[in-house]
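Written out below as structure tokens is the structure these notes cover.
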Ligand code: ADP
Ligand code: ZN
Ligand code: ZN
């Protein structure tokens, strides 16, 4: 008979992480008959109501007043929702990024589990045929062709699920109900089947790819960071696929992160063709339940590949053997609200903790990663050729000085588009401005349409007859007369994608003009229909924002154009030139991937600007080296680290005062040599969504020293309250200054 432990050795208390912006955990008494492993969710009494907390540690004693301590209510899980490993990773994130542990832990969970929702196994209904008498079967064949169709399909299969039935008949549900009532079919729950991969065979690798895959496979176990720097269209995806195959063959799982899955639904198709259903997809376009299901399937080991965006990084799989970060330079890996972290950097930490390799890939690697490769922290692999017929196009400038532009397009550009369409090519125009026109104003009194809540202009959106703020969503009807002086003649200036689409539709009447941006793709079906046109490879004009800049591979595109790059030349952000160069190489790299040489143009009013000139003459790496040197001279990242304290408040004074308080606690740090403490100053866009924002920036070339000093100062800072009227937050490795 097993002996019960005596009550005195049982833990009586536990600390819980709760998703609130406080830098501490909360102690409750616990009942040892309930599951008490770390990572189990409990319902907890909290304040006047309740909250869900994740158990992080148990103990026999508590430092809190044990008279006042409350008992935790019931456990929500039998098995922990967070594994030991993810709990440890979350602790690292909280520590490195100076974020509240509770919020970090909840960030690591799929949204669905952040409330009191029960964990549930992922299962699907599958319909099977019943044995039946011949007469009943005959009657169906004779009288009900639609029932006969579905029944025959079910009979011929080993069970069909809803998706499969829907593929046969979009109105399958009623038919299936009828068949059920005739008792000729029945259903049962099953795990979603995961068809073995290898449906589509792999193309042979060219010698460069083969070499890279060969040496990467040599490091397929143990921690290493491998940077794959391959020009656009050089077949990086194929390299990832080979690495994935190798992992699957060793019964390991892979996390494959991409910046977004929109146009990249093309990637989803490629993964499906290659690996069957051994993967799940997770991105913000899916419902919370769907994302949870993907997470659950990966955790159960029912699938081997998690293909997703930023937060999919936190997928738990016991057999995880490799992490791939595609387009590693992309800024969407940096989370800019709530918990601030960089998914690429967290992924590297995760790989290190698990002692597995991580692959970062890009045609335009971030300066951080290039710097790390130069210092031999990362292994660097290069792909310098396209396996298809032609190299990426040489970038050319169109000088728009002294030209009359038609809706932002120079005559030369219009002619180029004609030429490419005539040759059956597809044309891609990149314009990173949604809406019809960014400026609306009155010439009588100089009135301009400004947002009531932000320091920004309202953009005119003609399709919805509104002026919209792109920062807070504020909307108002387009006024028919000047709201200030009543003058009837209000004018709009500047070009957005909506206007460009309208005008090009008038000029190029023979082909579809397709727009991809956040406004145009709201309907899923419409989005799919647009992709169809592209997929068919027929001539068309594609207009879009950053959404069309990355990742996709449409071989019929032969002309890429960056319409308006000049803004970036005068941006206040120190990252603007890096971003511009990356965008230009990414957009131009969409061109000429098929059987024709592509062309790429940048329209600019500053063709003599050194950066513009370098785009036409130098490969990405060389330009990146130059920018890296400039950053070194200026003492900017990646040669220095930035920690930014931010505050937003009901008034600018309140925000500044809060940061003054923080600065005081940082006084020791600020006085140290090599650490610059700048601010508090108003943020670039001071008013946003009705709140005033300020910032306090700490820059240092010696990150270790900075960390040491910060960990001394943080406990005092963590106690500074954040309220509705003044909120403060900290952003480690901040992207803007
Ligand atoms: P990247 O991810 O580097 O931009 P992709 O992996 O999308 O490039 O490859 C570009 C195109 O080249 C794709 O259509 C892909 O199918 C094709 N491709 C890749 N590798 C090979 C190869 N070894 N032989 C022939 N075609 C290839
Ligand atoms: Zn606004
Ligand atoms: Zn006016």
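Residue numbers (my numbering): 1 to 737.
Even glycine gets a Cβ: it sits at the ideal position worked out from N, Cα and C.
This structure is a prediction, so every number in the text was calculated from the model and none was measured.
Collapsed DSSP secondary structure at residue i in the structure displayed
i	result
residue 558	strand
residue 112	helix
residue 579	helix
residue 22	coil
residue 260	coil
residue 657	helix
residue 670	helix
residue 359	strand
residue 464	coil
residue 681	strand
residue 280	strand
residue 1	Its pLDDT being 42, under 50, residue 1 is placed unreliably in this model, and the value from its coordinates should be taken loosely. The answer is coil: DSSP assigns residue 1 none of H, G, I, E or B.
residue 341	coil
residue 700	strand
residue 600	strand
residue 171	coil
residue 290	helix
residue 94	helix
residue 566	helix
Proximity test, residue i beta-carbon vs ligand 3 heavy atom, cut-off 6 Å
i	result
residue 487	yes
residue 481	no
residue 469	no
residue 103	no
residue 437	no
residue 260	no
residue 444	yes
residue 484	yes
residue 447	yes
Burial state of residue i, where buried means 16 or more other Cβ atoms lie within 10 Å
i	result
residue 668	exposed
residue 732	buried
residue 432	buried
residue 183	exposed
residue 134	exposed
residue 163	exposed
residue 570	exposed
residue 394	exposed
residue 337	exposed
residue 236	buried
residue 78	exposed
residue 191	exposed
residue 1	For residue 1, the pLDDT reaches just 42, beneath the cut-off of 50, and the residue's location in the model is therefore unreliable, although a value from the coordinates is still provided. Looking at its Cβ environment, which holds fewer than 16 other Cβ atoms inside 10 Å, residue 1 is exposed.
residue 160	buried
residue 384	exposed
residue 103	buried
residue 299	buried
residue 538	exposed
residue 372	buried
residue 493	exposed
Beta-ladder partner(s) of residue i, from DSSP
i	result
residue 727	648
residue 692	649, 687
residue 739	What the structure shows of the chain is the stretch from 1 to 737, and residue 739 is not part of that stretch, so it cannot be assessed.
residue 29	13, 71
residue 381	228
residue 307	256, 281
residue 445	The partner list for residue 445 (beta bridge, DSSP) is empty, contrary to what the question assumes.
residue 450	457
residue 492	440
residue 320	253
residue 477	466
beta-carbon residue i near ligand 1 non-hydrogen atom, thresh 6 Å
i	result
residue 659	no
CB contact check: residue i to chain B, cutoff 7 Å
i	result
residue 546	In the displayed structure, chain B is absent; only one protein chain is listed.
heavy atom of ligand 2 below 6 Å from residue i C-beta
i	result
residue 451	yes
residue 540	no
residue 472	yes
residue 677	no
residue 454	yes
Problem set entry | Runs of alpha helix (DSSP H) lying entirely within the region 387 to 434, each at least 4 residues, in chain order | 411 to 422
Problem set entry | 3-residue-minimum beta strand (DSSP E) runs that sit fully inside the region 32 to 69, ordered along the chain | 41 to 46, 49 to 59
For this session: With ligand 5 as the reference, list in chain order each residue whose Cβ lies under 6 Å from any of its heavy atoms.
Result: In terms of ligand content, the structure shown lacks ligand 5 and carries ligand 1, ligand 2 and ligand 3 instead.
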